[in-house]
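Here the sequence shown is numbered in this note's numbering, starting from 84 and rising by one per residue.
Even for Gly, the Cβ is constructed at its ideal location relative to N, Cα and C.
Since we're looking at a predicted model, the values are computed, not measured.
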Amino acid sequence: MRARPAWLPMTALATLAVWVPALCLAVSLLLASVTGCAANEAGTVVCMRAGIDIAVPISMLGIMGWAMLPMIPFMAGSVLFWVGYVLIVVGRWGFSRLRRG
(Lines of atoms letter the chains of each structure in order from A and count residues from 1; the text may use other names and numbers.)
(Lines give C-alpha, C1' and ligand atoms only; values in the text may rest on other atoms or scores of the structure.)
Protein backbone atom coordinates (compact mmCIF):
# COMPACT_ATOMS: atom_id res chain seq x y z
CA MET A 1 0.00 0.00 0.00
CA ARG A 2 1.34 3.39 -0.95
CA ALA A 3 1.75 6.12 1.63
CA ARG A 4 -0.51 9.13 1.43
CA PRO A 5 1.26 12.19 -0.05
CA ALA A 6 2.32 14.76 2.57
CA TRP A 7 0.71 17.61 0.61
CA LEU A 8 -2.74 15.99 0.56
CA PRO A 9 -4.07 17.31 3.93
CA MET A 10 -2.96 20.88 3.15
CA THR A 11 -4.59 20.68 -0.28
CA ALA A 12 -7.81 19.47 1.32
CA LEU A 13 -7.73 22.39 3.80
CA ALA A 14 -7.07 24.87 0.98
CA THR A 15 -10.01 23.43 -0.95
CA LEU A 16 -12.25 23.79 2.09
CA ALA A 17 -11.12 27.40 2.59
CA VAL A 18 -11.89 28.25 -1.03
CA TRP A 19 -15.38 26.72 -0.82
CA VAL A 20 -16.40 28.32 2.53
CA PRO A 21 -18.17 31.35 0.94
CA ALA A 22 -20.23 29.08 -1.30
CA LEU A 23 -21.13 26.87 1.66
CA CYS A 24 -22.19 29.93 3.70
CA LEU A 25 -24.44 31.09 0.88
CA ALA A 26 -25.94 27.62 0.50
CA VAL A 27 -26.61 27.38 4.26
CA SER A 28 -28.20 30.84 4.21
CA LEU A 29 -30.54 29.96 1.35
CA LEU A 30 -31.37 26.60 2.91
CA LEU A 31 -32.20 28.17 6.29
CA ALA A 32 -34.30 30.84 4.63
CA SER A 33 -36.17 28.24 2.60
CA VAL A 34 -36.79 25.88 5.52
CA THR A 35 -37.88 28.58 7.96
CA GLY A 36 -39.87 30.64 5.47
CA CYS A 37 -37.80 33.76 6.15
CA ALA A 38 -36.62 36.25 3.56
CA ALA A 39 -32.91 36.09 2.70
CA ASN A 40 -32.30 39.78 2.05
CA GLU A 41 -28.87 41.34 2.07
CA ALA A 42 -30.18 44.90 1.89
CA GLY A 43 -31.64 44.65 5.38
CA THR A 44 -33.27 42.25 7.74
CA VAL A 45 -36.93 41.52 8.26
CA VAL A 46 -37.82 40.17 11.67
CA CYS A 47 -38.04 36.40 11.52
CA MET A 48 -38.80 34.89 14.90
CA ARG A 49 -38.36 31.13 15.26
CA ALA A 50 -38.50 29.53 18.72
CA GLY A 51 -38.26 32.98 20.29
CA ILE A 52 -35.02 33.85 18.46
CA ASP A 53 -34.66 36.34 15.61
CA ILE A 54 -32.72 34.41 12.97
CA ALA A 55 -32.90 37.06 10.24
CA VAL A 56 -29.49 38.56 11.04
CA PRO A 57 -27.54 35.26 10.86
CA ILE A 58 -29.31 34.38 7.61
CA SER A 59 -28.48 37.81 6.21
CA MET A 60 -24.83 37.63 7.31
CA LEU A 61 -24.38 34.17 5.80
CA GLY A 62 -25.93 35.44 2.58
CA ILE A 63 -23.57 38.40 2.45
CA MET A 64 -20.64 35.97 2.76
CA GLY A 65 -21.71 34.74 -0.67
CA TRP A 66 -20.18 37.89 -2.19
CA ALA A 67 -16.75 36.62 -1.16
CA MET A 68 -17.38 33.76 -3.55
CA LEU A 69 -16.95 35.97 -6.64
CA PRO A 70 -13.16 36.35 -6.46
CA MET A 71 -12.89 32.69 -5.44
CA ILE A 72 -14.60 31.29 -8.55
CA PRO A 73 -11.34 30.62 -10.47
CA PHE A 74 -9.86 28.89 -7.41
CA MET A 75 -13.06 26.89 -6.95
CA ALA A 76 -12.86 25.73 -10.56
CA GLY A 77 -9.20 24.87 -10.09
CA SER A 78 -9.95 22.84 -6.99
CA VAL A 79 -12.64 20.88 -8.82
CA LEU A 80 -10.26 20.16 -11.69
CA PHE A 81 -7.49 19.16 -9.29
CA TRP A 82 -9.63 16.73 -7.30
CA VAL A 83 -11.21 15.18 -10.39
CA GLY A 84 -7.73 14.66 -11.83
CA TYR A 85 -6.42 13.26 -8.55
CA VAL A 86 -9.30 10.79 -8.27
CA LEU A 87 -8.87 9.71 -11.89
CA ILE A 88 -5.15 9.10 -11.34
CA VAL A 89 -5.72 7.14 -8.12
CA VAL A 90 -8.51 5.05 -9.64
CA GLY A 91 -6.44 4.51 -12.78
CA ARG A 92 -3.47 3.27 -10.79
CA TRP A 93 -5.70 1.01 -8.74
CA GLY A 94 -7.31 -0.46 -11.85
CA PHE A 95 -3.99 -0.89 -13.59
CA SER A 96 -2.48 -2.68 -10.58
CA ARG A 97 -5.46 -5.06 -10.49
CA LEU A 98 -5.02 -5.83 -14.19
CA ARG A 99 -1.30 -6.58 -13.71
CA ARG A 100 -2.01 -9.02 -10.90
CA GLY A 101 -4.35 -10.94 -13.15
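Can you give me the C-alpha to C-alpha distance between residue 150 and residue 104, rounded to a whole angstrom? When rounded, the distance between both Cα atoms is 6 Å.
Which listed residue (101, 117, 86 and 128) has its alpha carbon closest to that of residue 143: Nearest option by C-alpha distance: 128.
Rounded to whole angstroms, what's the CA-CA distance from residue 173 to residue 87? Just pull it up for me. Taken atom to atom, the span from the alpha-carbon of residue 173 to that of residue 87 is near 14 Å.
Going by Cα to Cα distance, which pick from 158, 133 and 152 is closest to residue 208? Outside the shown range of the chain, which is 84 to 184, sits residue 208, and nothing can be said about it.
Please classify residue 169: is it buried, with 16 or more other beta-carbons within 10 angstroms of its beta-carbon, or exposed? Its Cβ having fewer than 16 others within 10 Å, residue 169 is exposed.
Cβ-Cβ separation, residue 108 to residue 145 (assumed contact under 8 Å), whole Å: In this structure residue 145 touches residue 108 by the C-beta definition: roughly 6 Å separates them, less than 8 Å.
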